[in-house]
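This report refers to the structure that appears directly beneath it.
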Amino acid sequence: MDWKKLIKAKSMDKHKYDYGHVVVYGGSQMTGAAGLAAISALRMGAGLVTIAVPRETTYLYRQLSTSLIVEEMTDFKDHFQDKRRNMLLIGPGAGHETERPTLDVIESGKLCVLDADALKLFILGKTHDKCILTPHEGEFERLFPDTSGGKADRALKAAKFCRAIIVLKGHETIIASPDGRFEIISNGSPWLATAGSGDVLAGMIAGFAAWHKHEDMLFESVCAAVWMHGEASQLAGPGMISADLPDQIKKVWQNLLNH
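Numbering (my numbering), first residue to last: 42 to 300.
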């Protein structure tokens, strides 16, 4: 449970760049997915969050939140050359034409979360220890069809193969590290079985890991974010939709820091 030590208040003597800068790839079709992820990254404590989006969608993305930075995208890699932009998130609502930007993300060597449309076979063998992959069972089976054993065993084998952290989502979510560590998080509610909850989780992981950007704490950061996602779902309760979750993240923080 060492990861719970990371869930703490921000320091009074820090500024926004000390808490990381997340860059999100925003697609042209499912704009809500990238928006949910970006807002969730902010709620988790990232100092800044930028969404790079196609020109024709900039107006839509700018309606999501005045707290987000929306940049018109030409080539995605142009948006993360600044070394302060330390966490990249691609996948939520990205669409199918993501091979080149996903490879650019991986090849940057920066911290990155690969979710949804970024979880394709071409990434295997290219990922590294700063990558976090967030598949659900169906995506996991497509990526690792020959992996056998229990859920934790399969996640660990995949993590070692990819040299990356695997977040195998489900009613019991397994976080597996290539160094052999794993954690089982089971505090989520059944109401998480709804469109967009995975986008929120990807953003939460990106935001919290961007804040705690030291690589030796990456596994712990992911565990903490997954646990807080479950807590947010419990607070949202029956009838929850994914758009409810970012506001619940704020309540999770308040409950934890006020006790």
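Note that CB positions come from ideal geometry on N, CA and C, so glycine has one too.
Three-state secondary structure assigned by DSSP to residue i
i, result
"Ala157", "helix"
"His300", "coil"
"Ala217", "strand"
"Thr98", "helix"
"His120", "helix"
"Met245", "helix"
"Thr115", "coil"
"Ala273", "helix"
"Phe110", "It is worth fixing the name first, because residue 110 is Ile in this sequence and not Phe. DSSP places Ile110 in strand when its eight states are reduced to three."
"Thr28", "Since the displayed the chain opens at 42 and closes at 300, residue 28 lies outside it and no answer follows."
"Glu224", "strand"
"Thr143", "helix"
"Met258", "helix"
"Ala193", "helix"
"Ile282", "coil"
"Gln289", "helix"
"Gly57", "The identity of residue 57 in the sequence shown is Lys, whereas the question assumes Gly. It is helical."
"Lys49", "coil"
"Ala236", "coil"
"Glu138", "coil"
"Asp43", "helix"
"Leu105", "coil"
Residue(s) in a DSSP beta bridge with residue i
i, result
"Ala79", "Answer is none; Ala79 lacks a bridge partner."
"Leu174", "Leu155 and Ile207"
"Phe202", "In the DSSP output, where bridge partners are listed per residue, Phe202 has none listed."
"Met128", "Val63 and Leu152"
"Leu89", "His62"
Inter-residue spacing [alpha-carbon to alpha-carbon] between residue i and residue j
i, j, result
"His62", "His212", "30 Å"
"Trp294", "Met245", "13 Å"
"Glu112", "Ala93", "5 Å"
"Phe181", "Lys198", "12 Å"
"Leu297", "Ser69", "37 Å"
"Ala74", "Val208", "18 Å"
"Gly86", "Trp252", "7 Å"
"His300", "Ser283", "27 Å"
"Gly179", "Asp43", "30 Å"
"Lys45", "Ser262", "9 Å"
"Ser106", "Asp285", "15 Å"
"Thr99", "Asp116", "15 Å"
"Ile312", "Ala79", "Outside the displayed range of the chain (42 to 300) lies residue 312, so it cannot be described from this structure."
"Lys210", "Met53", "35 Å"
"Ala135", "Gly67", "6 Å"
"Leu77", "Arg96", "19 Å"
"Gly221", "Lys201", "8 Å"
"Gly239", "Leu83", "16 Å"
"Lys161", "Thr214", "20 Å"
"Glu138", "Phe249", "27 Å"
"Leu47", "Pro231", "26 Å"
"Met269", "Ile290", "7 Å"
"Arg204", "Phe163", "15 Å"
"Gly191", "Arg141", "33 Å"
"His120", "Leu144", "14 Å"
"Thr91", "Ala196", "31 Å"
"Lys49", "Glu272", "15 Å"
"Thr188", "Ile226", "21 Å"
"Pro279", "Met71", "25 Å"
"Lys151", "Asp123", "11 Å"
"Leu242", "Cys172", "15 Å"
"Leu276", "Ala266", "15 Å"
"Thr235", "Asp257", "33 Å"
"Pro17", "Cys264", "Past the boundaries of the shown model lies residue 17; the chain is included only from 42 to 300, so the question cannot be answered."
"Ile216", "His56", "30 Å"
"Glu159", "Lys118", "The sequence given here places Ala at residue 159; Glu does not occur at that position. Each residue's Cα considered, the two are about 15 Å apart."
Residue i CB to nearest heavy atom of the ligand ATP below 8 Å
i, result
"Glu97", "Ligands displayed in this structure: none; no statement on the ligand ATP is therefore possible."
CB contact below 9 Å: residue i versus chain C
i, result
"Thr188", "Annotation note: the requested chain C is absent from the structure, which comprises a single protein chain."
When you compare the segment 147-159 with the segment 121-139, are there three or more beta-carbon pairs, one atom per stretch, that lie closer than 8 Å? yes
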